[in-house]
Structures are given as structure tokens and as C-alpha cells.
Amino acid sequence: MSVFELTDADRAAAAEHVRFAEREAAKTGLPADTPLRPVDQVAVIGAGTMGGGIAMALANAGLPVVLVDADAAALERGLQRVRANYDTSVQRGKLTPEAVAERMARIRGTNNLADAGGPDGADLFIEAVFEDMALKQRLFRELDAIAKAGAILATNTSGLDINEIAAATRRPQDVVGAHFFSPANVMRLLEVVRSPDATAADVVVTLMALGRRIGKVAVLARIWPGFIGNALFRQYNRDAHFLVEDGALPHEVDATLTKFGYAMGIFAVHDMAGNDVGYPTRKAQMATRPTDRRWNDLILKLVEMGRLGQKSGQGWYRYEAGDRRPQRDPELEAWIVAESARMGITRRPIGEEEILERCLYGMVNEGARLLEHGIALRPSDIDIVYLTGYGFPAAQGGPMAMADRIGLPKVLAAIRRLHAEHGFWWQPAPLLEQLVAEGRSFADLQRAGG
Ligand SMILES: NC(=O)c1ccc[n+]([C@@H]2O[C@H](COP(=O)([O-])OP(=O)(O)OC[C@H]3O[C@@H](n4cnc5c(N)ncnc54)[C@H](O)[C@@H]3O)[C@@H](O)[C@H]2O)c1
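Under numbering that gives the first Met the number 0, the first residue of the sequence shown is numbered 0, with each subsequent residue one higher.
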């Protein structure tokens, strides 16, 4: 039996773990008497994909929201999208027209940021403008000028350094990451990201409490590239692409991942999100990235071939008009085979066990690294991030609980083997090695308090 297969007892233990992990995530380790700052009014800046969803999540919980966008047409589109989402809920019988009217009345749009400032203005600003450091710094300088004293200044950045954003203000203690997931009115995860040197304790506990108030599962993280979720995702994603270069085809990787319990495989997810997401950043990094390790660039080429995913009718798969179901594409598969040859790789058949080891064990290894650096407070927080934000199968309990169930010695042995075969990216995390040497699990580490 594969180590990834579950017995009924495993499933029951995972369910119990998930309940426990949700309770644990609420604990910040900060003094219990840390006072909350009042949050009665919120301003969301940027009425795009994220801003609109965040505004809905807040309005749904009864909070008045000012939705700010510098571009009049973008604001109008954003408000219309909010309205359309609510209309869908009415059509599905989930909300009454009266409830929608109440919620819409809580969201006021403006093109002028100053409308949200001043002593009667927002207690909390959540920035969701384009992912551009210069733009965010400019905006935070403006916020510094208009926000009342004590207002919390939060950024929804997916990956920029929050310390650099905070440095644009004279109040870095009030700056914090509030990383929502798309669609923000639906996804339960909120990563609260603090700068250990700067962010004030009452800002952290206030944002964690706000998360609960709006029905999210808030998880505390420290600043780190990709925070908790995307740091692990990078490992998962990277090896999925290497598997395709080494001999697997996208549908084989995806089928293995869905059999494991994911609702969608990673290549289908890329096609849904758009293969061009993150393209400019990755392209810009190519010139300066280290040359001593392997990189996966097939997705960049896919974008350059116009294979953006569902929206262009082809990506890792092809799509019939009006049908989102991925179909295998012989043309794409022939191209992948040719790319492997161009890279000097002799393709070989790759089985399910290898696909799962390479997609999942890199996450466990990175999780250990995050724990070692104090980026995540505890192993179960990493599980919660994965269960609520990244579609990790609940029956597996999360990546860290899964590793405990399989047994850390087995997981480490596989990581060592992968390191010998594939090099750099698979260096075993020192904490994982230490736990195995001491005969301990992630759960033991958590029980011991760190
Ligand atoms: N899309 C996602 O899945 C996702 C998930 C998590 C985090 N994020 C992060 O959230 C942020 C927003 O992403 P998005 O996908 O919603 O972007 P988007 O392009 O959909 O929307 C950005 C909006 O910001 C507005 N804007 C730009 N400059 C402005 C300014 N100076 N003042 C006010 N409004 C301004 C634009 O007009 C646009 O409407 C980014 O930092 C992104 O990395 C995105």
C-alpha cells in the first residue's frame, strides 16, 4: 500500500487534527491582555479582483467600507462586480434582495483616498493595488499623511517585502500584511504577516480578531518570501514542472494529484488562473538568478506561445468553447517532449509514487524550514494554511500532519534520495534532520511549544 493511501482511522485522526489546528491558529503567543484597537470603519484601496472581494467580506460581517480606486472606470467595474456577485447569491437562494441591499449600502465607492482619512475616517486601511513596490510605497506615504493616528495600515501584497512598504511611512509599527486569497469573499484563509521588529502587538491581535469577525481563519506569519503559503507552494509547483520535463505529462501529474485528494491538479489550476500570472516578475528575475541550480521555464514559453490557459482556449490543455474541462492536447504534449530533448533530458515513465513524493515532500521540507526560522508559529498553522487556502485534501490533515502520519524518517529518507538525484532544491531542512535524529515528530515539536 502506498504511504499516501489512508485508512478510516487515518481519516478520523486527520479530522480531529483539523479541529485542533483551527483552535491553535488563533493563539498568537502575544500577551493575553494586549488590547484591541477599535475597527469600526475600513477603507479598501484598489477595487480590482482582491479589493472587491475584501470589501464584500467586510460588508458581509456588518462593517462599513470605503472602496477607493484611483481610476474611475476601475471603481465602477469593481462595484459592478460586487453587485453581480451578490446577485448570483440571490439567484442561488443564499441571500435575500433585502440582505444584498443592506450589504451594498455598507460599501461606498470613491476615487479620492483623502475621503477615507482624517479623524472620523477609517480605523483600518487594506491596500490591494497592483503588485508594484514603487506604487505601494507611494500609496503608503499618502496613507501616512491622511490616516488618523492609530489607524492600522495593512497590505494585501502577495510577496513584496512588507518592511520596505512600512519604511515609506513614519509609523512602521502600524503596518502589517493582510494576505487574503482569491476570491476573498469566499476563501477562508487570512495570513496576517508581521514584521518581528516593527509591527505592534496590538496591531497583530486586532487583525487576527478582525479575521475571526469576518469569518476567516487567520494564521500568523512572519515576513519571508511568499510568507507561509506561497513559500510551500513554490516547492510543489517547481517539482510538478520538473516532473513534466523529466517524463510525465500534465494530465498524469494532475490525475495523480486529484486521486490524492486535490479538487484540481496543478496544471489545470494554472490554466484556470492564467499562465501569465507572475510572468513579468519571473521574466525580470531570469537575468540575475543563480546559475547553480535548475529552473523551470516551460510556463514562460507557454505564455510567449499565447497559451494563457482557459481564457485563450489553450494552455497545458486545450478547451472547447464554453467548456472549462481540460482536454489533452497532442500538439502541446509533442512540444513538451521536444523541450525535454532540447534540455538534454532522456524522458522516462514516472509513476504515481514519485509524482506524489516530489510534489508533496518539498512542502514538508520547506515547512520545517519555516518553523526553524520562526516564520510559522507551529506545524499545525502550516496545515491550516494549506487546508483553507490551497485546497490540500482535508482527509490528509495538511502537509505536516501527513508527514507525521507517514513517519518523518521515511519522509527524510526520500528527501535525501531526491537531493542526491536532483540537487539544490532538495537540501534537507536542518530541523527535519534534527527531529528524525531525536526520534520526534512535528506533533512532538508542537507539544513542546516550538
Ligand atoms: N489576484 C489574486 O489572486 C491575489 C491574491 C492575493 C493577493 N493579491 C495581491 O493583491 C493586490 C491586488 O491584486 P488584484 O489581483 O486585485 O489586482 P487588480 O489589478 O485586479 O486590481 C488593482 C486595482 O488597484 C487600482 N489602483 C492602482 N493604483 C492605485 C492607486 N494609487 N490608488 C487606488 N487604486 C489604485 C487599479 O485601478 C485596480 O483597480 C496585489 O498586491 C496582488 O499581489 C492578489
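Idealized CB from N, CA, C, for every residue including glycine.
Note that the coordinates shown come from a computational prediction; the quantities given were computed from them, not determined experimentally.
Asked: Mind checking who residue 152 pairs with in its DSSP beta bridge?; Found: 124 and 174
Asked: Quick one: what's residue 106 bridged to in DSSP?; Found: 64
Asked: Does the Cβ of residue 49 lie closer than 6 Å to at least one heavy atom of ligand 1?; Found: yes
Asked: Are the beta-carbon atoms of residue 193 and residue 203 separated by less than 7 Å?; Found: yes
Asked: Does the separation of the CB atoms of residue 388 and residue 228 fall below 7 Å?; Found: yes
Asked: At which residues does the alpha helix (DSSP H) containing residue 430 begin and terminate?; Found: 429–436
Asked: Any heavy atom of ligand 1 closer than 6 Å to the Cβ of residue 210?; Found: no
Asked: Assign residue 375 to one of two classes, buried (16 or more other C-beta atoms within 10 Å of its C-beta) or exposed (fewer than that).; Found: buried
Asked: Nearest-angstrom Cα distance between residue 133 and residue 437?; Found: 47 Å
Asked: Report yes if the CB atom of residue 35 is closer than 7 Å to the CB atom of residue 205, and no otherwise.; Found: yes
Asked: Report yes or no: do three or more beta-carbon pairs, one from the segment 102–122 and one from the segment 142–159, lie closer than 8 Å?; Found: yes
Asked: So the candidates are 439, 220 and 424; which of them puts its Cα closest to the Cα of residue 25?; Found: 220
Asked: Starting from residue 446 and walking both ways along the alpha helix (DSSP H), at which residues does that stretch end?; Found: 441–446
Asked: May I ask which residues mark the beginning and end of the alpha helix (DSSP H) holding residue 190?; Found: Taken as a continuous stretch (DSSP letters only), residue 190 belongs to no alpha helix (DSSP H), being part of the beta strand (DSSP E) at 188–193.
Asked: Can you tell me the Cβ-Cβ gap for residue 153 and residue 175, rounded? I've got them flagged as a contact below 8 Å.; Found: 5 Å
Asked: Out of curiosity, what's the CA-to-CA distance linking residue 159 and residue 138?; Found: 14 Å
Asked: Is the Cβ-Cβ distance between residue 53 and residue 216 less than 7 Å?; Found: no
Asked: Examine ligand 1 and report whether any of its heavy atoms sits within less than 6 Å of the Cβ of residue 453.; Found: Beyond the ends of the chain as shown, which are 0 and 449, falls residue 453; an answer cannot be given.
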